[in-house]
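In the numbering used here, the protein residues as written are 45 to 355. All C-beta atoms, glycine included, are put in the ideal place defined by N, C-alpha and C.
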Amino acid sequence: MKRDALVFYSPVDDPEAWREALSAELPDLDFRVDPDVGDPATVDYALVWVPPSGFFQRFPNLKLVTNLGAGVDRLVRRDDLVPVPISRLSDPGMVAMMTSYVVFAVTRYARDIHIFERAQRRGEWHYVHPRPLSEIKVGVLGLGELGGPAAKTLADMGFDTYGWSRTQKTIPRVTCTAGAQAFEEILRTCEILVCLLPLTPDSRGMIGARELALMPKGAKLVNASRAAVIDEAALIAALRSGVVGEATLDVFDIEPLPAGHPFWTLDNVLITPHLASITVPKLAARDVAESIRRVRRGEPPLHAVDAQRGY
Ligand code: NAP
Ligand code: GLV
């Protein structure tokens, strides 16, 4: 009898770590690493990160596509993918990593560490009296699997925390709002703004020159979701003029960020190479396996993506 087969593709993830983690969950699974896929017609599942265009055309009998990450913007609305359930990853390891990134970036600004980094480079003892965290208004855009826990952790730390999403949420000690008017309000209110919105047709370019100008002058921006939610040219102009004081950016329109890109030369930008949160195979394999079991039973997978909505 044919064993169920899975094709693995990722330019960044370790296939052997995934093979080991998944075979512990599903010993009967035939794990194939692209391009060594055998007969593509016998492949049932795909476990992929940013597969090249045309990738899925080779696999006519897919029953499930699992995204090796949280953001599915490169997976939905493709013309090579027949309608098939799409699942994405979301596990406690990923949540913990993103929360740690957000806590680091927000605390660095709230505790003036970026100022001390510059002072140290000048060889200067530069005292700035610390402000209580309760006086620092921090906003989180997107209160999903990652944004929700990040906002809750910031609030638990004592920040005056605001959160915004498409539909209304309730998070202890976080002032949650939803909808277009509340979007402008959170921009006007928060001196540190964290973006954890998925990239969709609705969110693309949602923060442009007008929105950046609504923020308190010199506000700090942290983007750990997708670059295209923020108009990159407008952000560069705002960082140069001081409309935006500082930015911590993990994601970029072009990755790796090309040599000579203006961000490299801006002293008020901290660049990290798209790793705010990554997937740990040992932690995520249980969900991937459970989704396969569910699809085998004719049920929807875990963390199913609404392809129409885009996340
Ligand atoms: P998620 O669980 O799908 O949550 C998305 C949140 O954004 C939800 O609260 C949703 O509101 C809100 N939202 C979506 N579209 C909106 C809109 N147009 N207006 C207002 N709110 C909107 O996603 P997640 O797991 O938290 O991940 C968020 C993003 O982080 C991913 O899509 C990915 O791009 C990025 N990411 C980056 C890294 C990295 O290493 N840099 C790692 C992982 C993920 P509702 O709940 O009301 O629908
Ligand atoms: C990483 O960017 C992810 O979406 O998981």
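message: Going by DSSP, what residue range makes up the alpha helix (DSSP H) through residue 143?
response: Locating residue 143 in the sequence shown gives position 99, where the first residue counts as 1. 136-154 is the extent of the alpha helix (DSSP H) around residue 143.
message: By the three-class DSSP mapping on this structure, what secondary structure does residue 334 have?
response: As a position in the sequence shown, residue 334 is number 290, starting the count at 1. If DSSP states are grouped into helix, strand and coil, residue 334 belongs with the helices.
query: Would a C-beta distance cut-off of 7 Å place residue 239 and residue 287 closer than the cut-off?
result: Indexing the sequence shown from 1 puts residue 239 at position 195. Indexing the sequence shown from 1 puts residue 287 at position 243. No, the pair does not count as a contact, with Cβ atoms beyond the cut-off.
query: Quick one, are the C-beta atoms of residue 31 and residue 226 less than 7 Å apart?
result: An answer regarding residue 31 cannot be provided, because it is not within the stretch 45 to 355 covered by the chain.
task: Determine which residues share a DSSP beta bridge with residue 175 and list them.
output: Within the sequence shown, residue 175 is the residue found at index 131, counting from 1. Partner(s): none; residue 175 has no beta bridge.
query: Taking 6 Å as the cut-off, does the CB of residue 97 come closer than this to any heavy atom belonging to the ligand NAP?
result: Translated into the one-based positions of the sequence shown, residue 97 becomes position 53. False, no ligand heavy atom lies under 6 Å from that Cβ.
query: The beta strand (DSSP E) spanning residue 191 covers which residue range?
result: Numbered from 1 along the sequence shown, position 147 holds the residue referred to as residue 191. Segment 191-201 is the alpha helix (DSSP H) holding residue 191; no beta strand (DSSP E) there.
- prompt: What is the rounded straight-line gap between the Cα of residue 340 and the Cα of residue 49?
  reply: As a working note, residue 340 is residue 296 in the sequence shown. As a working note, residue 49 is residue 5 in the sequence shown. Computed Cα separation, rounded: 12 Å.
- request: Measure the CB-CB distance between residue 355 and residue 268 and report whether it falls below 7 Å.
  value: Taking the sequence shown and counting its residues from 1, one reaches residue 355 at position 311. Taking the sequence shown and counting its residues from 1, one reaches residue 268 at position 224. Taking 7 Å as the Cβ cut-off, residue 355 and residue 268 do not qualify as a contacting pair.
field: Supposed contact pair residue 314 and residue 292 - C-beta distance, whole angstroms, cut 8 Å
entry: Locating residue 292 in the sequence shown gives position 248, where the first residue counts as 1. Locating residue 314 in the sequence shown gives position 270, where the first residue counts as 1. Contact holds; Cβ gap of about 5 Å.
- request: Determine, using beta carbons only, whether residue 180 and residue 172 come nearer to each other than 7 Å.
  value: As a first step, residue 180 is located in the sequence shown; it is residue number 136 there, counting from the start. As a first step, residue 172 is located in the sequence shown; it is residue number 128 there, counting from the start. In this structure, residue 172 does not lie closer than 7 Å to residue 180 by Cβ.
field: residue 73 - DSSP class collapsed to helix/strand/coil
entry: Numbered from its first residue, the sequence shown carries residue 73 at position 29. Looking at residue 73 - three-state DSSP - the assignment turns out to be coil, as it is neither helix nor strand.
- request: Please work out which residues of its chain come closer than 6 Å, Cβ to Cβ, to residue 86, disregarding the five sequence neighbours upstream and downstream, and give them in chain order.
  value: Locating residue 86 in the sequence shown gives position 42, where the first residue counts as 1. Counting only Cβ-Cβ distances below 6 Å, and skipping sequence neighbours, we find 49.
message: Going by DSSP in three states, residue 290 sits in which element: helix, strand or coil?
response: Here residue 290 refers to the residue found at position 246 when the sequence shown is read from its first residue. Strand.
Short Cβ contact (7 Å threshold) for residue 356 with residue 327: What the structure shows of the chain is the stretch from 45 to 355, and residue 356 is not part of that stretch, so it cannot be assessed.
message: Just list the residues that DSSP pairs residue 92 with in beta bridges.
response: As a position in the sequence shown, residue 92 is number 48, starting the count at 1. Residue 92 is bridged to 53 and 111.
- request: Could you give the DSSP three-state label for residue 339: helix, strand or coil?
  value: As a position in the sequence shown, residue 339 is number 295, starting the count at 1. In this structure, residue 339 counts as helix in the three-state DSSP scheme.
message: Would the segment 113-122 count as touching the segment 341-351 if we require 3 or more Cβ pairs under 8 Å?
response: yes
message: Could you check whether the Cβ of residue 248 sits closer than 6 Å to any heavy atom belonging to the ligand NAP?
response: Within the sequence shown, numbered from 1, the residue matching residue 248 stands at position 204. Incorrect: residue 248 has no Cβ contact closer than 6 Å to the ligand NAP.
message: Would you say the beta carbon of residue 115 is closer than 6 Å to some non-hydrogen atom of the ligand NAP?
response: Mapped onto the sequence shown, residue 115 falls at position 71. In terms of side-chain proximity, the C-beta atom of residue 115 is found nearer than 6 Å to a non-hydrogen atom of the ligand NAP.
field: Stretch pair the segment 251-264 + the segment 278-285: three plus CB contacts closer than 8 Å
entry: Segments in contact, yes.
query: Short check: CB of residue 194 to CB of residue 182, under 7 Å?
result: Working through the sequence shown from its first residue, we reach residue 194 at position 150. Working through the sequence shown from its first residue, we reach residue 182 at position 138. When the beta-carbon positions are compared, residue 194 and residue 182 stay at least 7 Å from each other.
- prompt: Under 6 Å from any heavy atom of the ligand NAP, does the C-beta of residue 171 make it?
  reply: By 1-based counting over the sequence shown, the position of residue 171 is 127. The answer is no for residue 171.
task: Use the C-beta contact count for residue 242: other C-beta atoms within 10 angstroms, 16 or more gives buried, fewer gives exposed.
output: On the sequence shown, residue 242 is found 198 positions in, with the first residue counted as 1. Burial call: buried.
message: In the DSSP assignment, the alpha helix (DSSP H) including residue 282 goes from what residue to what residue?
response: Against the sequence shown, residue 282 aligns to sequence position 238. Element bounds for residue 282: 276-285.
- request: Go ahead and pull the three-state DSSP assignment for residue 67.
  value: Within the sequence shown, numbered from 1, the residue matching residue 67 stands at position 23. It is helical.
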